[in-house]
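Since the structure comes first, as structure tokens, the remarks are kept for the end.
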Amino acid sequence: MTFDDWSRDGGEAVEPQDAFARGLYDASEADGLPNGAVLASLGCGNPTALADLEPGEVVLDLGSGGGIDVLLSARRVGPTGKAYGLDMTDAMLALARTNQRAAGVANVEFLRGEIEHIPLPDASVDVVISNCVINLSLDKDRVFAEAFRVLRPGGRFAVSDIVFQGDLGLIPKRILHDAGAWSGCVAGALEEQDYLDRLRRAGFVDAAIEATRIHDAAQEGSCLDVSGIPDGVRVVSGSVRARKPAG
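For the sequence shown, the working numbering assigns the number 323 to the last residue and increments by one with no breaks.
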């Protein structure tokens, strides 16, 4: 299910298990989170924890959806910091702002826009996070360039995303061009080394990906449909880290 699917269904349809039931977040992080933010979470990891956020930092979440990672980030950076959420869908922005009010969080701002065209100035944030969204972009190089642009020198890129491991040439073309496989966060995923190479071309250093979950068609309750992926190719959730040089 994508953000658009969720919003078209009026927020009624959700994943079979919420993000806490799927083990993406520590149970203690649920305290104070509106139920609407938890149920709307369609991510594949916990970029807020991955980012090692510090009090006073400014964070940007690319494709913020219902706002769960923005609210968690705001909690971590505290009142002297700020968390931005960027989303292109009016329905999700409305939901995120409702969740913000319910949580009573002041150091948050939700922005309307595309992750390929971030509506923030150069060198304006300390950390860029995202949760299973970049794979949906048709212009990932532009996303990486924009993330690099808005980061301050020394800033961090901490993203949870879907990546392929193995030979993409084995994947049937019908899957790579299938709209459902794209919206399901599979067809648009990059091969692991390609992901790292693109980050480096954008200017990032110390780029690395740690696989956190292998998605298998036989897994009960799996959030991804990988039934058409052949042997020799793995679809994994990955923790992606990189850094903008300090100098």
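Idealized CB from N, CA, C, for every residue including glycine.
Throw me the rounded Cβ distance for the PHE186 and LEU212 pair, which I believe falls under 8 Å.
With a beta-carbon spacing of about 19 Å, PHE186 and LEU212 fall beyond the 8 Å limit used to define contacts.
Work out the CA separation of VAL309 and ILE285 for me, nearest whole Å.
The alpha-carbon of ILE285 is positioned some 17 Å away from that of VAL309.
Name, in chain order, the residues that DSSP records as bridge partners for ASN207.
DSSP output for ASN207 lists SER236 as bridge partner(s).
Quick check on the DSSP output: the beta strand (DSSP E) that includes TYR160 runs from which residue to which?
158 to 163
Rounded to a whole number of angstroms, what is the C-alpha to C-alpha distance between GLY231 and ALA265?
C-alpha of GLY231 to C-alpha of ALA265: approximately 24 Å in a straight line.
State buried or exposed for ASN122, treating a residue as buried only when at least 16 other CB atoms are found within 10 Å of its CB.
buried
Could you give the residue range of the alpha helix (DSSP H) that holds SER149?
144 to 153
At least three beta-carbon pairs within less than 8 Å, the region 137 to 150 to the region 163 to 177
yes
Look at the alpha carbon of ARG225 and the alpha carbon of GLY132, and state the distance between them as a whole number of angstroms.
20 Å
For ASN175 versus CYS120, is the C-beta spacing smaller than 8 Å?
Against a cut-off of 8 Å, the Cβ pair of CYS120 and ASN175 comes out as no contact.
Distance check for ARG173 and GLY108, CA to CA, integer angstroms please.
15 Å
Closest Cα partner of MET164 within the set ARG188, GLY154, ALA179, ARG177
Closest by alpha carbon: ARG188.
Would you report the Cα separation of GLY323 and ASP215, rounded to the nearest angstrom?
27 Å
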